[in-house]
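To get our numbering, take the position in the sequence shown, counting from 1, and add 102.
We put the CB at the ideal spot given by N, CA and C, even for glycine.
Since the model is a prediction, treat every value here as computed from it, not as a measurement.
Note sheet for the following structure.
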Amino acid sequence: MNSAGDSRPVLQWPAPNEFSRLPQVLGARWRQAILNLCLTALEMQPGARELKVSLGPRTGGRPAVTVEAKCGNGRASPARADLADALAGAPAAALSAKTVQAVVAGRMIRAAGGAIGIEKGDGAVAITAR
Numbered sequence: 103m104n105s106a107g108d109s110r111p112v113l114q115w116p117a118p119n120e121f122s123r124l125p126q127v128l129g130a131r132w133r134q135a136i137l138n139l140c141l142t143a144l145e146m147q148p149g150a151r152e153l154k155v156s157l158g159p160r161t162g163g164r165p166a167v168t169v170e171a172k173c174g175n176g177r178a179s180p181a182r183a184d185l186a187d188a189l190a191g192a193p194a195a196a197l198s199a200k201t202v203q204a205v206v207a208g209r210m211i212r213a214a215g216g217a218i219g220i221e222k223g224d225g226a227v228a229i230t231a232r
């Protein structure tokens, strides 16, 4: 766990052998897609202190990838709706320096035949790609 003065989020990754499933969900450029999803989750949830990447069971033949960002120390900042819209591919989503990672990640996942789900909660956001 981080000390009070450490500003880096705590990170949890899947086991190395699980990464072989990522191309099925995120496409051939899965490394870029997963990094963009991580950056998007951290930006979408202000004050995020924890980042978790997990692989879920297959749904309809495809494994699910979930990226969760959570606030720490009892903080509960609301998630940024502009980034959720950009990731989901909403027509009104404006492209900017802050939304470009979300736009790129969303396009990569949809181009690989996947879909994106976004859950926003009390100081947490979960992005699931299937």
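Non-local C-beta neighbours of methionine 210 in its own chain, meaning closer than 8 Å and more than five positions away in sequence, comprise Leu128, Gly129, Arg131, Gln134, Ala135, Asn138, ordered along the chain. By the Cβ neighbour-count rule, arginine 110 is exposed, with fewer than 16 other Cβ atoms within 10 Å of its own.
Given a length threshold of 4 residues, each whole run of the alpha helix (DSSP H) inside the region 114-183 is given here in chain order: 124-128, 132-146. Residue pairing by DSSP puts glycine 219 in a beta bridge opposite Thr230. Beta-carbon to beta-carbon, alanine 226 and glutamine 114 are separated by about 14 Å, too far to satisfy the 8 Å threshold. Ranked by how close their Cα comes to the Cα of alanine 190, the residues Asn175, Lys200, Gly208, Arg177 have Gly208 in first place.
The Cβ-Cβ distance between threonine 168 and leucine 185 does not fall below 9 Å.
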